[in-house]
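Here's the structure, in structure tokens; my notes come after.
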Amino acid sequence: MRILITGGTGNLACRLLVPLVRRGDDLTLLDVRESPETNIPELRQCRTVIGDLSAKDDFFKLVEESSFDSIFHMAALLSGDAEDDSDRAWKVNMEGTRNVLEAARIFDVGKIVFTSTVASFGAGVREPVHVDAPQWPVSLYGATKVAGERLGVYYYNRFGLDFRCVRLAAVVAPRGAPGGASGFCSLLYREAVENGKYEFYLKPQTRAPLIYVEDAVRALLDLHDAPASALTRRVYQLNGIGPSAEEMAASLKAQLPHVEISYNPDPVRNAIVESWPIEFDASDAARDWGWRSRFDLDQMTEGMIAELTR
């Protein structure tokens with residue numbers, strides 16, 4: 073298949089491209105930056121295009137000329153960066169998403185997979201959170217993702233576009249993006265391995281919904297590959313894990329006891345993380361395309377340390 077990944081040099085995208093390349097798909101990576109932080113052999117088999125999703129004419133030309141079968145739309149300005157630069161967040165997360173959907177409609181792209189977020193929910197929602205629970209995000213990032221979900225469902229209902237969306241928890245990965253309020257979940261492990269210490273910007277008891285990158289990649293692939301006849305809805309969510317900062321620290325120190333952990337809570341980022349629910353009802357994903365989480369906290373910690381010390 074001919075596949076486009078927006079945000080294609082980002083951490084999650086670079087993990088996703090590996091199984092896609094290995095199975096023979098033809099990949100194009102679109103991003104504002106040319107080089108990712110990671111260096112994996114499969115990148116050499118991908119075409120990389122430097123471009124801005126909000127530049128409508130350039131993006132439409134790319135889609136028209138490339139005849140993509142699918143688009144994984146993963147480009148977004150994350151929560152912390154979105155709060156710092158709301159104008160850019162609007163262009164990337166709102167105008168960019170609309171451009172992806174409109175180009176897919178006009179140029180007959182067969183399938184769109186959109187990465188949304190559990191940050192689309194706010195505080196006070198009943199847990200485990202039902203997939204159709206009210207969404208009242210406290211961050212601009214969350215608000216733009218709610219809008220992206222609704223717009224994608226509109227394109228499905230109005231134009232028959234095969235839009236598929238999955239809400240991801242904070243993705244824990246060796247080179248995870250630091251720009252969101254959830255950046256701590258990956259930085260903890262990186263700083264611990266590289267510097268022997270880490271200072272949380274959360275309170276020790278603050279919990280966050282997390283998913284290990286291996287689970288996240290598998291979910292994206294499984295949702296993409298699921299037959300249309302098996303899907304009963306357009307938006308799905310996953311269940312991961314929900315440890316507190318101090319539980320993550322304990323799991324880490326069980327394997328790296330020399331690491332120094334401290335806490336210096338940032339009111340803004342801590343409040344954003346505390347607004348996120350922890351437990352999610354993923355029964356629709358389990359029924360329709362076989363989703364189940366494979367990594368608990370200690371397994372995730374073991375996998376992160378193994379990758380970072382490789």
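Just add 72 to the spot in the sequence shown (first one is 1) and you have the numbering used here.
Backbone N, C-alpha and C fix where the C-beta goes; we use that ideal spot for every residue, glycine too.
According to the DSSP assignment, Glu155 belongs to the alpha helix (DSSP H) that extends over 151-156.
Each of Ala300, Lys217, Gly152 was checked against the Cα of Gly168, and the nearest Cα belongs to Lys217. Secondary structure of Lys163 (DSSP, three-state): helix.
Shortest Cα-Cα distance from Gly196 to any of Ser365, Ile344, Gln371 involves Ile344. Within its own chain, the residues whose Cβ lies closer than 6 Å to the Cβ of Pro108, once the five positions on either side in sequence are excluded, are Thr81, Cys86, listed in chain order.
Around the beta-carbon of Phe144, 16 or more other beta-carbon atoms lie within 10 Å, marking it buried. Per DSSP, Glu332 lies in no alpha helix (DSSP H) segment; the continuous beta strand (DSSP E) that holds it begins and ends at 332-335. When secondary structure is reduced to three states using DSSP, Thr381 falls in the coil class, being assigned neither helix nor strand.
Minimum Cα-Cα distance from Phe186 among the listed residues Phe367, Phe131, Asn267, Gln309 corresponds to Gln309.
Contact between Ala317 and Leu274 is confirmed by a C-beta separation of about 5 Å, below the 8 Å threshold. C-alpha of Arg290 to C-alpha of Glu332: approximately 33 Å in a straight line.
Residues of the same chain with a CB within less than 6 Å of the CB of Ala302, apart from the 5 flanking positions on each side, are Asp360 in chain order. Going by DSSP, Tyr270 is part of no alpha helix (DSSP H) but of the beta strand (DSSP E) stretching over 269-272.
Fewer than three beta-carbon pairs drawn from the region 255-264 and the region 190-205 are found closer than 8 Å, and the two stretches are therefore not classed as touching. For the 8 Å CB-CB criterion, Val172 and Ser142 do not form a contact.
Residue pairing from DSSP places Ile77 in a beta bridge opposite Leu101, Phe144. Judged by beta-carbon spacing, Ala191 lies beyond the 8 Å limit of Asn165, meaning their Cβ atoms are not closer than that value. Residue range 317-327 is occupied by the alpha helix (DSSP H) that includes Lys325. Contact between the region 148-158 and the region 265-285 is absent: fewer than three C-beta pairs spanning the two stretches fall below 8 Å.
Cβ-Cβ separation between Pro349 and Phe193: approximately 5 Å, consistent with a contact (criterion under 8 Å). For Thr304, the three-state secondary structure derived from DSSP is coil. Assignment of beta-bridge partners to Lys183 by DSSP yields Ser142. When secondary structure is reduced to three states using DSSP, Gln371 falls in the helix class. Burial state of Val104 is exposed, judged by a 10 Å Cβ sphere holding fewer than 16 other Cβ atoms. In this structure, Leu89 keeps its C-beta atom at 8 Å or more from the C-beta atom of Glu106. Residue state for Gln117 is assigned as helix, using DSSP reduced to three classes.
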